[in-house]
Amino acid sequence: DRGSQFTSTAFRTALAAKGAIQSMSSVGRCYDNARMESFFATLKKEKLYRIDTMKMTQEMVKTIIFRYIQYYNHRRIYSTNDGLPPLSKRALYHCTVAA
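Its first residue numbered 1, the sequence shown is counted upward by one per residue in the UniProt record's numbering.
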């Protein structure tokens, strides 16, 4: 996303102060961030659009998102990962490579 809130000097300075590196591709290169775009679309569809977040505190929404990320990585199955969650697939890969 190349919105002004992400390209502003204040935002970039805040990132640098925290040691974060901003990842932003050039205009028209949507595939550079396709995995994260896909994740956020899934998060919204499976969790956030099903609840009324406008009536919740910011901390409540953060907790919901954190729990969803835990579920997404540890329990959610994927047909592209042979039916395994991402962390299980990664562990299997590392065992195979190490063998």
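All C-beta atoms in this analysis are idealised placements derived from N, C-alpha and C, irrespective of residue type, glycine included.
Y71: member of the alpha helix (DSSP H) spanning 58 to 74, first to last residue. In this structure, DSSP gives M36 a helical state, which the three-state scheme calls helix. In terms of Cβ geometry, R35 and Q22 do not form a close pair [threshold 8 Å]. For Y31 and K44, the gap between their C-alpha atoms comes out near 19 Å. In the three-state DSSP reduction, V27 falls in the coil class, being neither helix nor strand. Ranked by how close their Cα comes to the Cα of H74, the residues K89, L15, E46 have K89 in first place.
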